[in-house]
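Residue numbering for the sequence shown follows the working numbering, beginning at 2 and increasing consecutively.
Worksheet: the structure to be examined is printed underneath.
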Amino acid sequence: MDPILITVIGLSGMILLIGLHVPIGVALSVAGFVGYGLLEGFHPALTILESAPTQTLSSADLVIIPLFLAMGGLANSAGLSRDIYNLIYVLLGHRKGGLALATIAGCAGFGAVCGSSPATAVTMGRVALPEMLKRGYTPSLAAGSVAAGGTLGMLIPPSIVMVIYAFIAQEFVIDLFTAALIPAAIAVAFHFIAIMITVRLKPSVATVGERSTWPERLAALRQSWGVILLMGTVIGGLYSGIFTVHEAAALGLALSFLFALLRGRLNRQELWMLLKETAGNTAMIYTIIIGASIFSYFITATRIPQYFVETMNALDVAPLVIILLLLVMYLILGAVFDTVSSMLITLPFVLPMVVSLGYDPIWWGVVLIMVTEIGMITPPIGMNVFIIHGVAPDISLRTIFRGILPFFYADLLRVLVVVLFPALALWLPQVLG
C-alpha cells in the first residue's frame, strides 16, 4: 500500500478513536501499531509493541515526572500556595488591580513548585478567586486572571511538559528549563501589562486595596519561609549545578512532605489520596508517551517527515512564514487537545521540519509550550477555562472567556516576540553552558 494512504488511514483511525473517547495514549498505540503493521508487517509491529513500553518505563529521565507531581500535591496540602499568594498580595494589593497582579505572580510562584498548568489553575482558583470576588472584582477579570495565570505552570521550570518534550526530542531537560526562564519572565510581565491596561480602560472591574504596613509584610514574609526555601533549594540548586534534575526533584519532594507533615496538614487519608492522584496522573502521562513512541515508529516508517521537509525546502517562502503557520496550527490543536497530546501527536512531523529550517530544537520546545499554553484558554475547549468553571460554577463560561481576552492578546504578542528574537530563549543556555 502507498505510505501516504496508510498515513491518512492511520491518522483518521486515531482521530476516530479519540472521538469515541478512547484514551489518547491507547488511540496513538493502536494507530501506530496497525499502521506500522501494514507497512512493515505485523511481526515487527509486535516487536515495537513490546520494546516501546520497556524503553519508556526504564527511562531514568522520566522518573522526575511522579516526583514533581507529588511535590506539587504535597506543597498544596502544606498550604504553600496560600502563603506565596498572601506574600505577593501584601506587596501589590494596594495597587489598582493588585489582587489580579498577585494572582498572576502567585500562579508563577506555585508553578515553580508544581510544574503543571491544570494543578496551578485549580489551586490558585481556590485560593485567589474567592478573595477577588469578595473585594469587588468583576467575575470576568477575577476568573480570567486565574485561568490565564494557571497556564504559567507549564512554562515555568520545573515543567512536566518540558520533561516530556526533552525526552521525545532527545534534548537535555536542564537546557530546556534554562531556556524557558527569560520567556517565563516575559510572560509574567505581559500578563501584568494586560491587567494594568484593563483596569485603566475599565476602572470599575477592580478595586484598590489598603496598603499593607511593614509589620504586615514582614509577617507574611515569615509565614512564607517554607515556599521560599522550597523554591530556592530546588531552583537554586538546579541552576547552580549543585543538584541534578533528579536530585532536585527528590529533595523538593522530601521538603514538601516535611512541610505538610510538620504543619499538621497531612493525615493518612490525605496522603493516600495524594498518592492515588499522583499514580493516576503518572500512569496517564506514561501511557500517552508510550503511545506517542509507537506512533512515532509508524510515522518514521512512512517517511512522511522527510517528505514534509523536502516539500517545505522546495517552497519559495521564508522560514518564518512556515513557523507562523505552525503556530496557527498549534493554536487550533491546543483548543481541542490537551497540551501533551497535541505536542506528541505532531512532533514526529514538525520537529524535523523545524530543525531543517535552521531553528534550534530547544528554542522550538519553548515556543511550542508557549503556544500550546494559549490553547488552554482558547475556545471552544480551553481546558483551564473549564477548570475555573468547575471551581466556580456560578461564573459562566462566557464570562470567563471574556475575561481571558486581554491575556490572550498579551500571550500572542509575547509568543511573537520570542519567535522574532530567538536569543531570548537561547542566550541563557549558552551563557550557563
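Backbone N, C-alpha and C define an ideal beta-carbon position, used for all residues, glycine too.
Small disclaimer: the values here were computed from a predicted structure and weren't measured.
By DSSP's assignment, Lys97 forms a beta bridge with Val209. No residue range can be given for Ser60, since it is assigned to no alpha helix (DSSP H) and is classified by DSSP as neither H nor E.
With contact defined as three or more Cβ pairs closer than 8 Å, the region 387-400 and the region 358-375 are not in contact. Annotation: the continuous alpha helix (DSSP H) that includes Val200 extends over 182-202.
Taking the C-beta atoms as reference points, Val114 is found no nearer than 8 Å to Leu130. For Leu58 against Tyr287, the beta-carbon gap comes to about 7 Å, under 8 Å, which counts as contact.
Counted as a single uninterrupted DSSP element, the alpha helix (DSSP H) harbouring Asn385 occupies residues 384-392.
C-alpha of Ile25 to C-alpha of Gly73: approximately 24 Å in a straight line. Burial state of Thr312 is exposed, judged by a 10 Å Cβ sphere holding fewer than 16 other Cβ atoms. Taken atom to atom, the span from the alpha-carbon of Leu202 to that of Glu374 is near 26 Å. A Cβ-Cβ distance of about 18 Å is found for the pair Ala221 and Ala101, leaving them out of contact under the 8 Å criterion. Per DSSP, reduced to three states, the secondary structure at Gln171 is coil, with no helix or strand assignment. With a contact defined as Cβ atoms closer than 8 Å, Pro184 and Leu425 qualify at about 6 Å. Across the structure, Leu345 and Ala293 are spaced so that their CA atoms are roughly 6 Å apart.
Collapsing the DSSP output to three states places Phe244 in coil. Pro54 sits in a helix when the DSSP states are folded into three classes. One alpha carbon belongs to Ala28, the other to Thr104, and they sit about 37 Å apart. DSSP places His22 in the coil class of the three-state scheme, outside both helix and strand. For a cut-off of 8 Å, the C-beta gap from Phe260 to Leu21 is around 43 Å, too long to register as a contact.
Of the candidates Arg399, Tyr90, Arg304, the residue whose Cα lies closest to the Cα of Glu132 is Tyr90. In this structure, Leu18 places its C-beta atom within 8 Å of the C-beta atom of Val31. In the DSSP assignment, Arg223 falls within the alpha helix (DSSP H) that extends over 215-224. Tyr90 carries a helical assignment under DSSP once its states are collapsed to helix, strand and coil.
Taking the Cβ atoms as the reference, Gly376 lies roughly 17 Å from Gly404, outside the contact range of under 8 Å. Selection Gly33, Gln171, Arg415, Leu332 evaluated against Leu352 yields Gln171 as nearest (Cα-Cα).
Between Gly242 and the set Leu433, Phe69, Ile7, Val329, the nearest pair of CA atoms involves Leu433. Residue burial annotation: Ile5 is exposed, with fewer than 16 other C-beta atoms found within 10 angstroms of its C-beta. Between Phe350 and Tyr37, the C-beta spacing is not below 8 Å. Secondary structure at Arg266: coil, using DSSP grouped into helix, strand and coil. Classified as exposed, Asp3 has fewer than 16 neighbouring CB atoms from the shown chains inside 10 Å of its CB. Secondary structure note for Asp412: its alpha helix (DSSP H) is the uninterrupted segment 398-421. Using a Cβ distance threshold of 8 Å, Ala249 and Val235 count as a contacting pair. Contact between Asp176 and Pro430 is confirmed by a C-beta separation of about 5 Å, below the 8 Å threshold. Going by DSSP, Ser160 is part of no alpha helix (DSSP H) at all; its letter is neither H nor E. Cβ contact annotation for Leu332 (same chain, cutoff 8 Å, sequence separation greater than five): Val372, Ile375, Gly376, Thr379, in chain order.
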